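Trainee:
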Amino acid sequence: MKSVSSLLLTVLLFTGAFAQTTKTNLADSLYNDLKFRSIGPGFMSGRIAHIAIHPENEHTWYVAVGSGGVWKTVNAGTTWTPIFDKQTSYSIGTVTIDPNDPNTIWVGTGEDVGGRHVGYGDGVYRSDDGGKTWKNMGLTDSQHISRILVHPENSDTVWVTAQGPLWSKGGDRGLYKTTDGGNTWKKTLGDNAW
């Protein structure tokens with residue numbers, strides 16, 4: 296009886312070993328042709344909030360990312376460079392290119408959607424050198440900028456839509472207009488009701 300048990304145990308062990316080897320070889324052969332490559336971390340950018348394409352150069356794009364700053368490509372998306380990382384807000388609602396001077400870029404901070412995942416911003420920014428440097432142009436309590444529109448014939452005239460704080464009263468909320476390139480803003484539509 297002891298020899299039968301030993302024989303049975305030996306057969307079971309070898310059968311399991313062969314079965315395991317066969318599965319491993321089959322699994323290995325399924326993946327032999329796959330080439331692994333890094334696609335980067337999944338949290339690097341986020342939701343796309345807005346895209347602006349240079350009016351005279353279709354290879355230059357600016358992309359506003361809901362929770363990942365502003366990115367620029369000069370080769371139609373083959374490579375990207377983050378151009379807003381040194382600013383105090385990572386959440387972006389919109390990006391606009393001045394139609395009269397494509398080197399002037401406007402950015403509205405604070406993603407323009409509601410939800411617990413949304414970060415708030417700290418106003419409107421302008422770059423006069425294609426995104427190399429930025430200046431905060433005000434509306435710092437707007438928290439969520441939806442759109443920026445530059446007058447097609449006068450770059451000093453700009454409209455901004457601001458949602459204000461999502462969960463409280465106050466803030467810069469409504470439609471704002473500047474006629475001096477963003478140095479001062481006047482509310483043209485909206486009230487302080489929440």
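All residue numbers for the sequence shown refer to the numbering used here, where the first residue is 296 and numbers rise by one. Backbone N, C-alpha and C define an ideal beta-carbon position, used for all residues, glycine too. Owing to the predicted nature of the structure, the values given are computational and were not obtained by experimental measurement.
#1: Cα-Cα, which of LYS472, ASP417, SER441 is closest to ILE343?
#2: Cα separation between GLY476 and ASP393?
#3: Residues bridged to TYR420 by DSSP?
#4: In angstroms, rounded to a whole number, what distance separates the CA positions of ASN352 and LYS464?
#5: Can you tell me where the beta strand (DSSP E) with ARG442 in it begins and where it stops?
#6: Please identify the residue among ASP467, THR473, LEU461, SER437 whose C-alpha is closest to the C-alpha of SER384.
#7: Is it the case that the Cβ atoms of THR435 and GLY418 are separated by a distance below 8 Å?
#8: Could you check the C-alpha separation between ALA347 and VAL453 for me, to the nearest Å?
#9: Would you tell me roughly how many angstroms separate the C-alpha atoms of GLY388 and ARG468, rounded to the nearest one?
Mentor: Taking the structure as given:
#1: SER441
#2: 11 Å
#3: VAL402, ASN431
#4: 42 Å
#5: 440–445
#6: SER437
#7: yes
#8: 16 Å
#9: 14 Å
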